[in-house]
Amino acid sequence: MRKPNLRFAGFEDEWKESEIKNVLRKISRPVKVASTSEYRQIGIRSHGKGIFHKAQVTGAALGDKRVFWVEPNALVVNIVFAWEQAVAVTTEREKGMVASHRFPMYVAKESRAEPEFVLRLFLTGKGKKLLELASPGGAGRNKTLGQKEFESLKIVLPPPPEQRKVAQFLSVLDQRTTELRRKLELLEAYAGEMARRIFAREVRLTDEAGNDFPEWERRKFGDVFDFYGNNSFSRDCLTYESGSVRNIHYGDIHSKYRSAFRIERENVPFVRPEFDVSRVPPENYCREGDLVIADASEDYDDVGKSIEILNLSGEQVLAGLHTFIARDRDAAFANGFKGYLMRSESVRCQIKTLATGVSVLGISKSNLAKVDLCIPSRDEQVRIACFLGAIDDKIFAIKEQLRNLARYKQGLLSEMFV
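Note that my numbering has the sequence shown beginning at 3, numbered continuously upward.
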């Protein structure tokens with residue numbers, strides 16, 4: 003019996019296997035390009051990430067390129083990257099736009115298939131294998147979708163009413179994902195702008211009574227921090243499976259970890275058991291309140307990037323290769339403030355200026371010690387850290403929702419199709 007493991011109540015009919023060409027038909031409406039007219043082309047992102055609209059161009063700019071009018075509610079495939087699930091369904095928003103000959107479009111044939119349902123099928127693991135099967139050749143642009151092979155692919159479909167029900171349900175999940183991503187984008191922009199304005203002192207927070215805090219004090223980095231060593235463990239020395247000592251890799255500071263580092267929110271690898279950590283001095287283990295700074299990068303945006311350790315949950319953590327620890331010397335800083343300070347525009351500009359190297363950039367401890375820091379009173383630091391931290395907590399919560407939604411959707415895709 004061809005039935006999915008999970009389906010909506012009221013649907014009991016067996017699903018039937020059909021070739022694409024028997025349920026969808028290719029539609030091609032060539033555009034007679036006029037040199038003085040303007041046209042907007044569509045593009046298709048890989049991994050099922052949808053359609054995007056290119057900038058408007060004149061017919062003269064299109065030249066001899068073959069383009070076709072976009073048909074709404076059509077399954078459209080990027081033949082160059084179909085194997086990467088570069089498939090989508092057009093909407094009324096694309097009406098009047100044009101598509102390259104590399105983007106064949108397919109509409110329902112005698113109402114046998116819903117393009118939106120077929121799209122969802124191709125976004126499953128099995129659907130990806132089918133697209134790969136119809137895209138012979140080597141990697142990249144050599145794996146071009148064969149349109150005859152595509153049209154001969156066999157897919158398993160329920161009757162149209164069930165197709166519509168499944169597609170509508172998954173569209174609701176997509177809409178929720180879009181809303182969350184937009185909310186995340188706005189929050190991240192707000193967090194960045196507020197941090198910029200606070201450290202530029204365009205905005206000043208007040209105490210609980212509404213009074214202004216004292217003026218900020220200027221100190222050299224080397225006057226308020228002591229430096230501690232790291233280790234030389236490379237990625238090959240680390241594992242995500244298990245261990246007793248975790249190790250912060252500099253690449254993860256560049257790309258993964260938040261400036262306010264809480265170990266329960268981060269995926270930090272362990273040092274493999276076969277590598278000896280017994281010789282690491284106790285003072286070289288990370289402590290809450292420490293800054294861990296990446297001293298090397300291939301670009302200016304990441305050189306000297308740092309995280310502040312806010313919570314270790316009792317775990318043993320080391321700072322790894324191409325990092326060093328900066329520890330607050332006289333408890334001059336409130337926990338949570340230093341990470342934001344180190345990512346402020348003023349500090350980042352100085353670090354970029356002091357960085358040395360050509361293909362790989364580095365910031366030495368002696369140069370970092372020269373960086374000027376503008377430091378507010380401890381009470382104002384607490385207010386700033388709480389304010390920016392609250393926004394970061396909301397950002398983290400939305401990211402968690404997005405991750406959970408993605409897992410939920412992936413589980414549904416594996417169970418709702420045959």
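We put the CB at the ideal spot given by N, CA and C, even for glycine.
Over what stretch of residues does the beta strand (DSSP E) that includes F229 continue unbroken? Translated into the one-based positions of the sequence shown, residue 229 becomes position 227. Its beta strand (DSSP E) spans residues F227 to Y230.
What are the boundary residues of the beta strand (DSSP E) that includes D374? For the purposes of this step, residue 374 is taken as the residue at position 372 of the sequence shown. Counting along the chain, the beta strand (DSSP E) containing D374 begins and ends at D374 to I377.
Beta-carbon proximity of G50 to L155, cut-off 7 Å: Taking the first residue of the sequence shown as position 1, residue 50 is located at position 48. Taking the first residue of the sequence shown as position 1, residue 155 is located at position 153. Not closer than 7 Å, so no.
Closest residue to R178 among K401, A202 and M418 (Cα-Cα distance): Residue 178 sits at position 176 when you count from the first residue of the sequence shown. Closest option to R178, Cα to Cα, is K401.
Starting from L293, follow the beta strand (DSSP E) in both directions and report where the run begins and ends. Taking the first residue of the sequence shown as position 1, residue 293 is located at position 291. Unbroken beta strand (DSSP E) run through L293: L293 to A296.
Give the straight-line distance between the Cα atoms of G194 and A334, rounded to the nearest whole angstrom. For the purposes of this step, residue 194 is taken as residue 192 along the sequence shown, with counting starting at 1. For the purposes of this step, residue 334 is taken as residue 332 along the sequence shown, with counting starting at 1. G194 and A334: Cα-Cα distance of roughly 25 Å.
Determine the contact status of R166 and V420, defining contact as a CB-CB distance below 7 Å. Here residue 166 corresponds to residue number 164 of the sequence shown, with the count starting at 1. Here residue 420 corresponds to residue number 418 of the sequence shown, with the count starting at 1. No, the Cβ-Cβ distance between R166 and V420 is not below 7 Å.
I'd like the list of long-range same chain contacts for S234, defined as Cβ closer than 7 Å, with 5 residues on each side in sequence excluded. Counting from one through the sequence shown, the residue named residue 234 turns up at place 232. Counting only Cβ-Cβ distances below 7 Å, and skipping sequence neighbours, we find L323.
Kindly indicate which three-state DSSP category S173 falls into: helix, strand or coil? In the sequence shown, the residue the question calls residue 173 occupies position 171. S173: helix per DSSP, three-state reduction.
Would you mind reading off the limits of the beta strand (DSSP E) that contains G45? Here residue 45 refers to the residue found at position 43 of the sequence shown. I44 to I46 is the extent of the beta strand (DSSP E) around G45.
Between the C-alpha atoms of P2 and E14, what's the straight-line distance to the nearest angstrom? The shown model of the chain, from 3 to 420, leaves out residue 2, and the question about it has no answer.
Those runs of the beta strand (DSSP E) which lie wholly inside the stretch 152-211 and span at least 3 residues: 156-159
Keeping to the same chain, check which residues put their C-beta closer than 7 Å to that of D381; ignore five residues upstream and five downstream. Looking up residue 381 in the sequence shown gives position 379. Result list for D381: D209 and F215, in chain order.
Residues near L64 by beta carbon distance below 7 Å, same chain, minus five either side: The residue given as residue 64 occupies position 62 in the sequence shown. So the qualifying residues of the chain are V35 and Y41.
How close, in whole Å, do the beta carbons of E190 and E21 come, if the pair is a contact with beta carbons under 8 Å? In the sequence shown, counting from the first residue as 1, residue 190 sits at position 188. In the sequence shown, counting from the first residue as 1, residue 21 sits at position 19. At roughly 46 Å, the Cβ-Cβ gap does not stay under 8 Å, so E190 and E21 are not in contact.
Using 8 Å as the threshold, is the stretch 197-211 in touch with the stretch 293-311, meaning 3 or more CB pairs across them? no
Rounded to the nearest angstrom, what separates V349 and L343 at their Cα positions? In the sequence shown, counting from the first residue as 1, residue 349 sits at position 347. In the sequence shown, counting from the first residue as 1, residue 343 sits at position 341. Taking the straight line joining both Cα atoms gives about 7 Å.
Within this structure, are the beta carbons of K56 and Q43 separated by less than 7 Å? Reading the sequence shown from its first residue, position 54 is the one you call residue 56. Reading the sequence shown from its first residue, position 41 is the one you call residue 43. A contact, by the Cβ cut-off of 7 Å.
Rounded to whole angstroms, what's the CA-CA distance from K128 to P6? Just pull it up for me. Within the sequence shown, the letter at position 126 stands for residue 128. Within the sequence shown, the letter at position 4 stands for residue 6. Straight-line Cα distance between these residues: approximately 13 Å.
G338 classed as buried or exposed, judged by whether at least 16 other C-beta atoms fall within 10 angstroms: Counting from one through the sequence shown, the residue named residue 338 turns up at place 336. With 16 or more other Cβ atoms within 10 Å, it is buried.
Cβ distance (whole Å) where V270 is taken to contact I295 below 8 Å: What you label residue 270 is simply residue 268 of the sequence shown in a count that begins at 1. What you label residue 295 is simply residue 293 of the sequence shown in a count that begins at 1. No, V270 and I295 are not in contact; Cβ-Cβ is about 16 Å, not under 8 Å.
Are the CB atoms of R114 and V25 within a distance shorter than 7 Å? Residue mapping note: residue 25 aligns to position 23 of the sequence shown, counting from 1. Residue mapping note: residue 114 aligns to position 112 of the sequence shown, counting from 1. Contact flag set, yes.
Across the stretch 371-378 and the stretch 219-226, are there enough close Cβ pairs to call them in contact, namely three or more that are closer than 8 Å? yes
Tell me whether W71 sits in a helix, a strand or coil according to DSSP, three-state version. The sequence position of residue 71 within the sequence shown is 69, counting from 1. Here W71 sits in strand by DSSP.
Span separating the alpha-carbon of T38 from that of A101: Start at 1 with the first residue of the sequence shown, and residue 38 comes out as number 36. Start at 1 with the first residue of the sequence shown, and residue 101 comes out as number 99. Distance between the alpha carbons of T38 and A101: 18 Å.
Would you identify the three-state DSSP class for Y2, choosing helix, strand or coil? Shown here, the chain extends from 3 to 420; a query on residue 2 therefore has no answer.
Do R274 and C239 count as a contact pair if the criterion is CB distance below 7 Å? In the sequence shown, the residue the question calls residue 239 occupies position 237. In the sequence shown, the residue the question calls residue 274 occupies position 272. A contact, by the Cβ cut-off of 7 Å.
Return the Cβ separation of P117 and L77 in integer angstroms, given the expectation that the two are a contact with Cβ distance under 8 Å. For the purposes of this step, residue 117 is identified with residue 115 of the sequence shown, where counting begins at 1. For the purposes of this step, residue 77 is identified with residue 75 of the sequence shown, where counting begins at 1. Right, the Cβ-Cβ distance comes to about 4 Å (below 8 Å), so this counts as a contact.
Does DSSP classify V362 as helix, strand or coil? Along the sequence shown, one-based indexing puts residue 362 at 360. Coil, per DSSP.
When you compare only the Cα positions, how much space is there between V79 and V33? Taking the first residue of the sequence shown as position 1, residue 79 is located at position 77. Taking the first residue of the sequence shown as position 1, residue 33 is located at position 31. Going by the C-alpha atoms only, they are around 19 Å apart.
Going along the chain, which residues of its own chain have a beta-carbon closer than 7 Å to the beta-carbon of F263, five neighbours each way excluded? Here residue 263 is taken as the residue at index 261 of the sequence shown, counted from 1. Only I309, E310, I311 and L312 meet the Cβ criterion.
Option nearest E96 by Cα separation, candidates E86, D228 and I53: On the sequence shown, position 94 is the one that residue 96 refers to. Out of E86, D228 and I53, I53 has the C-alpha closest to the C-alpha of E96.
Same chain, Cβ closer than 6 Å to M107, neighbours up to 5 away in sequence not counted: As a first step, residue 107 is located in the sequence shown; it is residue number 105 there, counting from the start. Within the same chain, M107 has close Cβ partners I29, E73, A76 and V78.
Looking at the secondary structure, which residues open and close the alpha helix (DSSP H) in which R405 lies? For this step, residue 405 is matched to residue 403 along the sequence shown. Per DSSP, R405 belongs to the alpha helix (DSSP H) from R380 to E417.
Please check if any C-beta of chain B sits within less than 7 Å of the C-beta of D225. Of the protein chains in this structure there is only one, and it is not chain B.
Does the separation of the CB atoms of Y242 and T325 fall below 7 Å? Within the sequence shown, numbered from 1, the residue matching residue 242 stands at position 240. Within the sequence shown, numbered from 1, the residue matching residue 325 stands at position 323. Not closer than 7 Å, so no.
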